[in-house]
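Written below as structure tokens is the structure these notes are about.
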Amino acid sequence: MTDKPNSEDPVSALFERIKASGLSLSEVCRRADVALSTVKRWKAGTSEPQFRVYRKIIQVLAAAEIESCSWSKVKSARPRQRSGTS
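Under my numbering, the residues of the sequence shown are numbered 7 to 92, in order.
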């Protein structure tokens, strides 16, 4: 048996992805325009996510991932300065 995350549970998978994003839960909710209390109820198991709200959070996480990748590529793509030339 392997110790892999429970990716079959969409709420657990969502929280794993939020953690991996490096964003706080409150920042993710702010960007998605979703009440923090709503997402906390999902985590507590007292409420089930609505698809459209869940999708908004996934879109925020995807955008954050793209921004992160794009910024690192921009920084690494800077031209190197040549020594000895003016």
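Note that the Cβ used here is the ideal one computed from N, Cα and C, for glycine as well.
None of the values given here were measured: they were computed from a predicted structure.
Below 8 Å between beta carbons: does that hold for V40 and I63? yes
Complete alpha helix (DSSP H) runs within the region 16-86 (minimum length 4 residues, chain order): 16-27, 31-38, 42-50, 57-82
C35 burial status per 10 Å Cβ neighbour count (16 or more: buried): buried
Let me make sure I understand the geometry here. Which of V45, A68, R58 has the alpha-carbon closest to that of V17? V45
Quick check on the burial criterion: 16 or more other C-beta atoms within 10 angstroms. Buried or exposed for A38? buried
Among residues of its own chain, excluding the 5 on either side of Y60, which ones have a beta-carbon nearer than 8 Å to its beta-carbon? P16, L20
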